[in-house]
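Data first, discussion second: the structure below is written as structure tokens.
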Amino acid sequence: MQRAILDRLNGDRAAERAVALVTALDGGGQALVYAQGESAGDALPEAVADAARAALRADRSGQVEEGEGTWFVHVHNPRARMVIVGAVHITQALAGMAESAGYAVVVCDPRRAFADAARFPAIEVSTEWPDDALNRLGADHRTAVVTLTHDPKIDDPALEVAVRAPVFYIGALGSRRTHGKRLERLREKGFSDDELARIHAPIGLAIGARSPAEIAVSIMAEVTQVRRTPPAPGGSDSP
Amino acid sequence: MSPEQAAQEDILGTAARWRDEGREVALATVIATWGSSPRPVGSQLVADGEGRFEGSVSGGCIEGAVIEESRKVMASGAPSVLQFGVSDEQAWEVGLACGGTVRVLVERVE
Numbered sequence: 001m002q003r004a005i006l007d008r009l010n011g012d013r014a015a016e017r018a019v020a021l022v023t024a025l026d027g028g029g030q031a032l033v034y035a036q037g038e039s040a041g042d043a044l045p046e047a048v049a050d051a052a053r054a055a056l057r058a059d060r061s062g063q064v065e066e067g068e069g070t071w072f073v074h075v076h077n078p079r080a081r082m083v084i085v086g087a088v089h090i091t092q093a094l095a096g097m098a099e100s101a102g103y104a105v106v107v108c109d110p111r112r113a114f115a116d117a118a119r120f121p122a123i124e125v126s127t128e129w130p131d132d133a134l135n136r137l138g139a140d141h142r143t144a145v146v147t148l149t150h151d152p153k154i155d156d157p158a159l160e161v162a163v164r165a166p167v168f169y170i171g172a173l174g175s176r177r178t179h180g181k182r183l184e185r186l187r188e189k190g191f192s193d194d195e196l197a198r199i200h201a202p203i204g205l206a207i208g209a210r211s212p213a214e215i216a217v218s219i220m221a222e223v224t225q226v227r228r229t230p231p232a233p234g235g236s237d238s239p
Numbered sequence: 240m241s242p243e244q245a246a247q248e249d250i251l252g253t254a255a256r257w258r259d260e261g262r263e264v265a266l267a268t269v270i271a272t273w274g275s276s277p278r279p280v281g282s283q284l285v286a287d288g289e290g291r292f293e294g295s296v297s298g299g300c301i302e303g304a305v306i307e308e309s310r311k312v313m314a315s316g317a318p319s320v321l322q323f324g325v326s327d328e329q330a331w332e333v334g335l336a337c338g339g340t341v342r343v344l345v346e347r348v349e
């Protein structure tokens with residue numbers, strides 16, 4: 001690997017810029033390919049560059065064969081993001097777990113008493129309204145949205161943005177009854193059944209979780225399952 | 240992410256740092272897996288000329304052989320592709336206890 005390629009790759013990673021390192025396995029030539037179309041380094045067949053961009057979108061590294069040659073495409077995407085709405089007790093457990101699992105976590109709660117940075121060491125905490133936060137951050141296919149306040153004034157605006165965004169996971173805390181009322185409210189606002197069916201509720205895998213930390217485990221497990229389980233045929237790529 | 244985790248994950252940063260210190264450096268990357276394998280495609284290990292290393296390309300089964308190959312690649316400058324499978328037939332062959340197969344690219348950092 002040329003040092004210039006390594007330095008540029010490390011710069012892209014530090015800037016959280018999506019980039020694929022493409023290596024010719026039968027000669028060692030290397031190039032960096034970016035999502036928007038530009039590339040740097042050695043020349044590549046266009047089909048291989050296209051495959052590298054597809055790999056970036058699918059977030060999947062792997063070998064590419066084209067003509068006589070084989071290339072290895074190494075995807076370096078920025079960390080996936082988890083936006084947690086509600087700086088509550090469960091969030092104190094979940095935020096650290098999600099960071100450990102490789103997510104860039106943003107905790108969002110307009111109630112200043114909850115959104116106290118001292119309660120969330122080393123985690124980004126915002127007092128924006130959650131719809132503003134999601135619009136600012138860009139709710140993309142590598143984002144998970146988790147609502148935990150129980151308060152429709154705060155949770156609903158997040159869900160309204162999330163169900164119409166390409167986020168890979170949406171989960172909302174609350175009993176079946178609470179969720180039933182939530183669905184009624186959102187239907188009245190014009191959200192379709194297909195949009196609302198994207199919300200995982202009650203949130204988390206059913207593991208009998210009781211304490212805040214156990215509920216955080218069940219949520220983290222569900223987010224992981226949705227992200228890592230191969231999609232059904234015809235489904236979208238994993239983030 | 241804690242600083243410790245960041246250091247474990249930052250194999251490419253370590254590669255650059257070691258080069259800056261004047262060490263010979265090779266990078267090993269898992270480029271394909273079949274069956275059950277302990278580390279996914281894209282997992283990396285960085286080794287220096289003294290045999291020191293960070294990161295992993297398996298659960299510890301093939302690291303020794305990969306580091307050995309790294310020395311050759313550091314000397315020649317030519318990248319190489321290694322493949323490891325189950326080591327059931329020849330007891331002395333390096334292999335994976337889990338029954339999977341992995342292909343590893345080893346390259347010198349110039």
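Sequence order for the protein chains is E and A.
According to the working numbering, numbering within the first sequence proceeds without interruption in unit steps and concludes at 239.
According to the working numbering, numbering within the second sequence proceeds without interruption in unit steps and concludes at 349.
Here a beta-carbon is modelled for each residue, glycine too, at the ideal position from N, C-alpha and C.
Only a predicted model underlies this, so the values are computations on that prediction, with no experimental measurement involved.
Could you check whether the Cβ of residue i sits closer than 7 angstroms to any Cβ belonging to chain A?
i, result
"L44/E", "no"
"N77/E", "no"
"Q63/E", "yes"
"H179/E", "no"
"M1/E", "yes"
"F120/E", "no"
"H74/E", "yes"
"N10/E", "yes"
"L32/E", "no"
"L56/E", "no"
"L94/E", "no"
"L186/E", "no"
"L25/E", "yes"
"G235/E", "At G235/E the pLDDT is 44, less than 50, meaning the model places this residue with poor confidence; the figure from the coordinates comes in the next sentence. G235/E does not count as touching chain A."
"L137/E", "no"
"L244/E", "It is not possible to answer for residue 244/E, since the shown part of chain E is limited to 1 through 239."
Can you find a C-beta in chain E that's less than 7 angstroms from the C-beta of residue i?
i, result
"L251/A", "yes"
"A265/A", "no"
"G281/A", "yes"
"V348/A", "yes"
"A271/A", "yes"
"V320/A", "yes"
"A255/A", "yes"
"F323/A", "no"
CB-CB under 6 angstroms to residue i, same chain, minus the five flanking residues each way: which ones, in chain order?
i, result
"E328/A", "Confidence at E328/A is low in this model, with a pLDDT of 47, below 50, so the placement of that residue should be treated as unreliable; the coordinate-derived value is given next. Closer than 6 angstroms at the Cβ level, and outside the excluded window around E328/A, lies no residue."
"L205/E", "S218, A221, E222"
"T253/A", "V285, E293"
"K341/A", "Rather than Lys, the amino acid found at residue 341/A in this sequence is Val. The residues are V269, T272, S276, F323."
"A117/E", "V125"
"R258/A", "V264, V348"
"A165/E", "A139"
"A87/E", "V107, D109, F114, A115"
What did DSSP end up calling residue i once you bin it into helix, strand or coil?
i, result
"S241/A", "With a pLDDT of only 45 at S241/A, under 50, the local geometry of the prediction cannot be trusted, and the value read off the model is given with reservation. It is coil, neither helix nor strand."
"T340/A", "strand"
"E188/E", "helix"
"G252/A", "helix"
"A162/E", "helix"
"R182/E", "helix"
"R258/A", "helix"
"I207/E", "coil"
"R3/E", "helix"
"D327/A", "The pLDDT assigned to D327/A is 46, lower than 50, so where the model puts this residue is not dependable; a value taken from the coordinates is nonetheless given after this. Of the three classes helix, strand and coil, the one that applies to D327/A here is coil, per DSSP."
"R347/A", "strand"
"S236/E", "With a pLDDT of 46 at S236/E, under the threshold of 50, the modelled position of that residue is not reliable, and the figure given next carries that caveat. DSSP places S236/E in coil when its eight states are reduced to three."
May I ask which residues mark the beginning and end of the alpha helix (DSSP H) holding residue i?
i, result
"Q225/E", "212-228"
"V312/A", "302-315"
"E195/E", "193-196"
Report all residues from its chain with a CB closer than 8 angstroms to the CB of residue i; omit the five preceding and five following residues, and keep chain order.
i, result
"R185/E", "P152, D156"
"R79/E", "E16, G102, Y103, A104"
"L7/E", "Note that residue 7/E is Asp in the sequence shown here, rather than Leu. Here the set comprises nothing."
"D42/E", "A24, G29, Q30, A31"
Just to confirm the assignment, what range does the beta strand (DSSP E) spanning residue i have?
i, result
"G294/A", "292-294"
"R134/E", "First, the amino acid is wrong: residue 134/E is Leu here, not Arg. Element bounds for L134/E: not the beta strand (DSSP E) but the alpha helix (DSSP H), 130-137."
"A271/A", "264-273"
"L321/A", "319-323"
"V285/A", "283-287"
"I170/E", "169-172"
Less than 7 angstroms between C-beta atoms, sequence neighbours within five positions excluded: which residues of the same chain meet that for residue i?
i, result
"E346/A", "A265, L266, V312, P318"
"A73/E", "Position check: residue 73/E holds Val in this sequence, whereas Ala was assumed. The answer, listed in chain order, is A20, V22, A51, A52, A55, S61, G62, V64."
"A158/E", "V85, P130, D131, L134, V145, T147"
"G339/A", "T272, W273, G274, S275, S276"
Would you list, in sequence order, the uninterrupted beta strand (DSSP E) runs of no fewer than 3 residues that lie entirely inside the region 9-90 of chain E? Counting only runs of 3 or more, we get 19-24, 30-34, 39-41, 62-66, 69-76, 81-85.
As an exercise, report each continuous beta strand (DSSP E) stretch of at least 3 residues that is fully enclosed by the region 94-154 of chain E, in chain order. The region 94-154 of chain E contains, as complete beta strand (DSSP E) runs of 3+ residues, the segments 104-108, 124-126, 143-147 (chain order).
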